[in-house]
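Counting in my numbering, the sequence shown runs from 7 upward without gaps. To start, the structure under review is shown below, and the notes come after it.
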Amino acid sequence: MTFGQKIKTRREELGYTQAELAKRVHTTQPYVSRLERGWFNP
7 MTFGQKIKTR
17 REELGYTQAE
27 LAKRVHTTQP
37 YVSRLERGWF
47 NP
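As structure tokens, this is what we get:
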């Protein structure tokens with residue numbers, strides 16, 4: 007499982023949207039999306 011897949015799985019377990027997760031971790035929704043798709047690594 008990739009890092010992005012782990013983020014997505016956990017986000018869905020918690021019931022968060024990408025926008026909600028982004029707000030909680032002080033980033034943007036597009037960045038969360040790109041992380042989940044594997045475009046970026048933090």
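We put the CB at the ideal spot given by N, CA and C, even for glycine.
Using 10 angstroms around the beta-carbon of residue i, count the other beta-carbons present and answer buried if the total reaches 16, otherwise exposed.
{"i": "V38", "result": "buried"}
Restricting to Cα atoms, I'd like to know which of the options is closest to residue i.
{"i": "I13", "options": "E42, F46 and T33", "result": "E42"}
Quick check: the Cα distance between residue i and residue j, rounded to an integer number of angstroms?
{"i": "F46", "j": "A28", "result": "15 Å"}
{"i": "R30", "j": "R40", "result": "17 Å"}
{"i": "P36", "j": "Q24", "result": "8 Å"}
{"i": "T15", "j": "E26", "result": "15 Å"}
If I follow the unbroken alpha helix (DSSP H) through residue i, where does it start and stop?
{"i": "F9", "result": "F9 to L20"}
{"i": "V38", "result": "Q35 to R43"}
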